[in-house]
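**Q** Throughout the sequence shown, residue numbering follows my numbering, covering 10 to 229 in sequence. Even glycine gets a Cβ: it sits at the ideal position worked out from N, Cα and C.
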Amino acid sequence: MSKKEKKNEHTTKPAEARQPETAASAEAEKAAETSAEVPKTEANPLEAKVAELEAQNKELQNQYLRKAADFDNYRKRMIKEKQEAIDYANANLLNDILPILDNFDRAIEAGTKQSEGGSVAAFAEGVTMIRNEFSSMLESKYGLSYYPSLDCPFDPNLHEAVAMTPSKDVQEQKVGAELQKGYKLKDRILRHAKVMVFMPEEKEGAEAEKPAETTEKDTK
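#1: Go to A158, then tell me how far its alpha helix (DSSP H) extends in each direction, as first and last residue.
#2: Counting pairs of Cβ atoms below 8 Å between the stretch 178-193 and the stretch 133-142, do you hit three or more?
#3: Out of R140, N101, M173 and K195, point me to the one whose CA is closest to K203's CA.
#4: When DSSP builds the beta bridges, which residues end up paired with V206?
#5: Compare the beta carbon distance of M205 and G191 with 9 Å and say whether it is the shorter of the two.
#6: Any idea which residues DSSP pairs R197 with across the strands?
#7: Within 10 angstroms of the Cβ of L102, are there 16 or more other Cβ atoms? Answer buried if so, exposed if not.
#8: For Q189, which beta-bridge partners are listed by DSSP?
#9: Output yes or no for whether 9 Å exceeds the beta carbon distance between Y155 and K193.
#10: Compute the distance between the beta-carbons of F163 and K150, then report whether it is under 9 Å.
#11: Taking the beta carbon of L147 as the centre, do at least 16 other beta carbons fall within 10 Å, making it buried, or is it exposed?
#12: Rank I198, P175 and A100 by C-alpha distance to the C-alpha of P209 and give the top, closest one.
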């Protein structure tokens, strides 16, 4: 081997020695890149979850606002309907009364004409007919009925005693005069009848016995 060949052999060895170092550095760089990419891949699911929760929260807020608006509209509508029910609760009753008022107007007009020479009895008969019509309508449509009290036993559940007077003709408390009529609304007392009550008088014999007993004690 010549000196020149030996020299070339020595010069090629350092290049071969550097190859392992280059491979190691490449592997290190690759590992660094891989480690740098790992947090990015791990962060992506978290970001997606946060975005999903934010979207759900926004949707829930929108639903709450819509429900609140619907409830407020419902509340206003109920207040309006309640007020209308109060204002027009008697509409049906008043509508039924209107024909009676018409008849009263006709009776007054007829009475004015009859006052010049007509019959008062005919006028009274017309008014009585209107009164009966009115009473019949109230009873048939609304359950309002008059209950008689005259000559009935006094009942505090039905009658309000305005005056009481003794009477020889009764054996128990009895209604002697009806001062104001009583009315029922179906099975309930709407207005108690105001009455004068007749009470049985005390017997004269019982009063006479008391002085007799007193005289006997005095003689003893």
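**A** Reading it off the structure:
#1: Sequence index remark: in the sequence shown, residue 158 carries index 149 (1-based). In the sequence on display, residue 158 carries Ser and not Ala. Element bounds for S158: n/a, residue is neither H nor E.
#2: Put simply, the stretch 178-193 does not touch the stretch 133-142. Fewer than three CB pairs are less than 8 Å apart.
#3: As a first step, residue 203 must be located in the sequence shown, where it is residue number 194. Checked all of R140, N101, M173 and K195; the closest Cα to K203 is M173.
#4: Your numbering for residue 206 matches position 197 in the sequence shown. According to DSSP, residue pairing for V206 in a beta bridge involves M173 and V184.
#5: Along the sequence shown, read from residue 1 onward, the residue named residue 205 stands at position 196. Along the sequence shown, read from residue 1 onward, the residue named residue 191 stands at position 182. Not a contact, by the Cβ cut-off of 9 Å.
#6: For the purposes of this step, residue 197 is taken as the residue at position 188 of the sequence shown. DSSP lists L194 as partners of R197.
#7: Looking up residue 102 in the sequence shown gives position 93. Burial check for L102: the Cβ neighbour count within 10 Å stays below 16, so the residue is exposed.
#8: Walking along the sequence shown from the start, residue 189 turns up at place 180. K203.
#9: Within the sequence shown, the letter at position 146 stands for residue 155. Within the sequence shown, the letter at position 184 stands for residue 193. Cβ distance < 9 Å, so Y155 and K193 count as in contact.
#10: Reading the sequence shown from its first residue, position 154 is the one you call residue 163. Reading the sequence shown from its first residue, position 141 is the one you call residue 150. For F163 and K150, no; Cβs fall outside 9 Å.
#11: The residue labelled residue 147 in the question sits at position 138 within the sequence shown. Counting the other CB atoms within 10 Å of its CB gives L147 a total of 16 or more, which places it among the buried residues.
#12: For the purposes of this step, residue 209 is taken as the residue at position 200 of the sequence shown. Of I198, P175 and A100, the residue nearest in Cα terms is P175.
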